[in-house]
Structures are given as C-alpha cells and as structure tokens.
Amino acid sequence: MTEPESYSRESKKDHPPAFYRDYKSTTFRHPKNRAIKIDHTVTEVTGPLFSSVKLEPGEGDLSIENGKEAQGQRIFVSGRVLDEGGRPVPNTLIEIWQCNAAGRYLHPNDQHPAPLDPNFVGRGRMISNEKGEYKFTTIKPGAYPWGNHFNAWRPAHIHFSLFGPAFVTRLVTQMYFPEDPLFAFDPIFNSIPSESARKRMISEFDLDTTEPDFALSFKFDFVLRGRQATPFENGA
Amino acid sequence: MSKMGVTASQTVGPFLSIAMRSEGQEYLVPKNSKNAIKIHGIVYDGEGTPVPDAVIEIWQANINGKYDHPEDNSDNELIKGFSGFGRSCTNNEGQFFFVTQKPGRVNGRGNSLQAPHLAVNILARGMLKQQVTRIYFSDEVQSNAEDPVLNQIDDELERKTLIANFNPNGGLIDEYEFHIYLQGENETIFFDV
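One line per chain: the protein sequences are C and Z, in this order. First residue of the first sequence: 1, per our numbering; consecutive thereafter. First residue of the second sequence: 1001, per our numbering; consecutive thereafter.
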C-alpha cells in the first residue's frame, strides 16, 4: 500500500495565532490547549473537488445585480491560484464576499449608517481554469468602522475562500488594496507575524489589465500549501 | 527549489453568511434515504455562550470508506452523487447540523485502519484561522479503540470531546450529538494538520 503524500507544515510566522490580544473577539474564541499534531492520512490529502458544481453565468460579476449597475468604482480582481512550488491549482472553487462602495454589508447585523445599494449583494463564485487563473468583476469595497476599539476602521478588503486539492489546503483570507492608510491600525491585518506574509495579502494595481473607459484592475495570486517534498519539474 | 510564501489566513468575519449560507448544503444525502444519519450540535465560546456566526464544514468518506477524490487509492466503491462535503452556518442559538451517511473505515498510515470519522473545519468571527477537529461515533467502540489518531490522546475526557453521542431517536433518523467548545473546561481537541 502506498502512503499518502504529505503536505508541508504551516509556519507560525505566515499565519495568525489563535489568540491575538488586539483583536478582541479572539479572547473567548481561541483554544487554550495545544493542538495535537497528526500525520496526514487519506483524510487530510483528499478534499472536496466540487466537480459537480455548475456556476450560473454572472456569478463572477458582482458589479451588476438584476441587470443594474452597482454604485462605486468598477474593478477587476484577477490572478492565479498556485501551490508553494509555483504550480497552478486548476478547477478549484473560489468564493468571495464584500461590503459595498460605501462600506456596508448586505447583512442584518451590519448597522453601519452607510447606504445599502439595491444593485449590490457582494457575493461571488468562480472556479479557477486549467492554468489556475480567475477573474472577478466587482466594485471597490469601502472602509468601514467596527467595534473592536475606539475609532476602529477596517481597511478595504474582499473576503476570499479557497479549497485547493486537499482538506489541508483550505484557505480563508482577505485581500487588501495597495497603500491603504489603515493598515497600521488594523489588528486583523497585523495579526500575521511576518511582514512579508502581511504584504502578500495586498493586491497590486495593474495598468495592463485595466479596461479603458470601463474598469481598473488589481492582481492577486493565492499560494496554497504544497507537498512536503516538492519534486523538481523537468528542466527546472 | 525555493518555495513561494503561502497566503496568510484571515478571519471569515461576522458576515460570512453572505457567501457561505445556501439552501441544502447541510444535506449530503436526502433526509429519507437509506442509512441517513443526522449529526447536530452547538458551538460554544469560552464563556459558554453559543456562537451564532460560525460555519462548520465537514469532509468525509462514503459509507464504503471511499473518498470522492483521485488520491484515495483504495478499492472501496464510490457512490454516485455523494461528494463527502457539507457546510452548516450556525443559527442564532449556535446550532449546526448535517444529514449524511456514516463513513466507512479508511486506511491510516502504516497498515492501520482508522475508525469512521469526519474531518471538520470551524471558522467564525474572532477566529483568525480555521480550527480543525474530527467527529467520531460513540457506537463504534471497537474501531475507535483501534484508531491511530484517537490513540494519540491518552486522556479519556479529551478523547470524548471527539466522539458524537448516538441517540436512537425512537426509530426516526439516527441522531448523533456533537458540541464544539472553542475554549474552557470542556474544550474540544483540535488538530494541527
């Protein structure tokens, strides 16, 4: 019997701790016992592939709702899903959600007194193509206040959920926009210990992929966990 | 070969339901199908308060012990239409549920066999990264005793945090109760995978 091929272990510098004092809601939502390390079995190296999921046309375009244009700055968010070895992760489900241009989510618990947009829901889905590529059309989300501490504001961000090929490649993250003045004050962004890992959550403005007279463009690549022993590609 | 840096995890935040709630995703099999079971429970925080903004995801083999994935190289048979993935957003009382079939046993490392189990991801506001646990079944006493992952845990009370309790439920669907304690004296065992 062949053993499952393990994935790499996660670095504590690249990911946030379960308890981060400055993000208050972690206080009673983090385990105090140490997690038990387990070897990867067939359970961990397999995962949902969503091969039967059929996306509706328009699920990757958040900028139009019922044929009507949402308010705000229209943007493309595109890039690739890769593993740590730089290989594309094809056919993987990507889910996104975000607030509208004014910084308000379409959710009953969001009481921020900013306007809702009748033409914006803020939910999208897409499946990466054979090269691992994806492209959403949306509007640039606004910054918004939250109750973590006095005068707390979240930098503009889009929530992303990805699965990758295995249970252990699951990633839920937030993608930020370049040069946001709120980074320095945001405990969620700053919960990542490594500065380079924090910077990797920031998208890049990309003039080449803008569409003249239509939309600006931001590029963002995701890097999911790869195999422990990365085999060399031919000619690499 | 140098590795690329991974993308960091961030919290799902309080509004995860915008993207993650959708009709029927708790049902891996229809409720009235043969061998259907229901797994349900409540997510609690460290103050004993139910968590109303969590999402629980499960990944499991089918009743034959086969994952719908090319890297399961066992000879066990796939079941058409059974993907093995489910998702449940907690309600205002912190409750989640799944209707599924009990997975068969799958291989462990070496020549071991694992007890029937589900792999579980827990995500919520206030959690910067998902926590991972497993759900085992209380009526699988023999296979649980042989399970290499459960056997990494010596403390009987800690082991129990991973075992869903069978409730025969008077001839209706078989029910298993599994509460998740993010923190505190009953804290669930979480895994570093």
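A virtual CB, placed ideally from N, CA and C, is assigned to each residue, including glycine.
With respect to chain Z, the C-beta atom of K32 of chain C has a partner C-beta closer than 8 angstroms. A straight-line Cα-Cα distance of about 11 angstroms links P1168 of chain Z and K1038 of chain Z.
At a cut-off of 8 angstroms between beta-carbon atoms, R1125 of chain Z makes contact with chain C. Using a Cβ-Cβ cut-off of 9 angstroms, F167 of chain C is close to W1059, A1119, N1121, V1132 and V1193 of chain Z, given in chain order.
By the criterion of a C-beta distance shorter than 7 angstroms, H159 of chain C is surrounded in its chain by I96, W97, Q98 and Q174, once the five residues flanking it on both sides are discounted. Residue contact check for F1190 of chain Z against chain C: a CB pair falls below 8 angstroms. Taken in chain order, the complete alpha helix (DSSP H) segments of 4 residues or longer contained in the region 191–221 of chain C are 195–199. Cβ-Cβ separation between T1011 of chain Z and G1094 of chain Z: approximately 17 angstroms, too far for a contact (criterion under 8 angstroms). The criterion of a C-beta distance shorter than 8 angstroms is not satisfied by K13 of chain C and P187 of chain C. Between the alpha carbons of P1030 of chain Z and G1084 of chain Z lies a gap of roughly 13 angstroms. Measuring C-alpha to C-alpha distances from Y1136 of chain Z to each of Z:D1154, Z:K1160 and Z:E1156 identifies Z:K1160 as the nearest.
F1191 of chain Z is bridged by DSSP to C:I36 and Z:V1132.
Under the Cβ distance rule, N1144 of chain Z does not count among the residues neighbouring chain C, no pair being separated by less than 8 angstroms. The residue among C:I139, C:G103 and C:L171 with its C-alpha nearest the C-alpha of G47 of chain C is C:L171. Residues of the region 1077–1110 of chain Z with a Cβ closer than 7 angstroms to any Cβ of chain C, in chain order: S1083, G1084, F1085, V1106, N1107, G1108 and R1109. Remark: C-beta atoms of N91 of chain C and D117 of chain C do not approach each other more closely than 8 angstroms. The count of Cβ pairs closer than 8 angstroms, one atom from the region 135–151 of chain C and one from the region 194–208 of chain C, stays below three, leaving the stretches out of contact. In this model, D1174 of chain Z and I1079 of chain Z are separated by some 21 angstroms (Cα to Cα). For the pair V223 of chain C and L82 of chain C, the CB atoms are nearer than the 8 angstroms cut-off.
Distance from the CA of F1190 of chain Z to the CA of R154 of chain C, rounded to the nearest whole angstrom, comes to 29 angstroms. For V42 of chain C, the enclosing alpha helix (DSSP H) begins and ends at V42 to V45.
Taking C-beta atoms as the reference points, I64 of chain C and G72 of chain C fail to come closer than 8 angstroms. At least one C-beta of chain C is nearer than 8 angstroms to the C-beta of P1014 of chain Z. Separation of L1016 of chain Z and F1098 of chain Z (C-alpha to C-alpha, rounded to the nearest whole angstrom) is 19 angstroms. Residue contact check for Y1027 of chain Z against chain C: no CB pair falls below 8 angstroms. The beta carbon of Q1131 of chain Z sits closer than 6 angstroms to the beta carbons of I1122 and F1190 from its chain, once the five residues preceding and following it are set aside; these are given in chain order.
A contact between stretches requires three or more CB pairs, one per stretch, nearer than 8 angstroms, and the region 1152–1159 of chain Z fails this requirement with the region 1041–1056 of chain Z. Under the Cβ distance rule, K37 of chain C counts among the residues neighbouring chain Z, one pair being separated by less than 8 angstroms.
At a cut-off of 3 residues, the continuous stretches assigned as beta strand (DSSP E) that sit fully inside the region 1062–1125 of chain Z are 1085–1089, 1095–1101 and 1118–1124. Under the three-state reduction of DSSP output, P48 of chain C falls in the coil class, being neither helix nor strand. For the 8 angstroms CB-CB criterion, H107 of chain C and Q1183 of chain Z do not form a contact. Interface flag for M126 of chain C against chain Z is unset, since no Cβ pair is found closer than 8 angstroms. Comparing alpha-carbon positions, the option among C:K68, C:S203 and C:R80 lying closest to N119 of chain C turns out to be C:K68. Residues are counted here when their Cβ sits less than 7 angstroms from a Cβ of chain Z; for the region 92–106 of chain C these are E95, I96, W97, Y105 and L106, given in chain order. Assignment of R74 of chain C by DSSP, reduced to helix, strand and coil, places it in the strand class. For N1167 of chain Z, the beta-bridge partners assigned by DSSP are Z:E1175.
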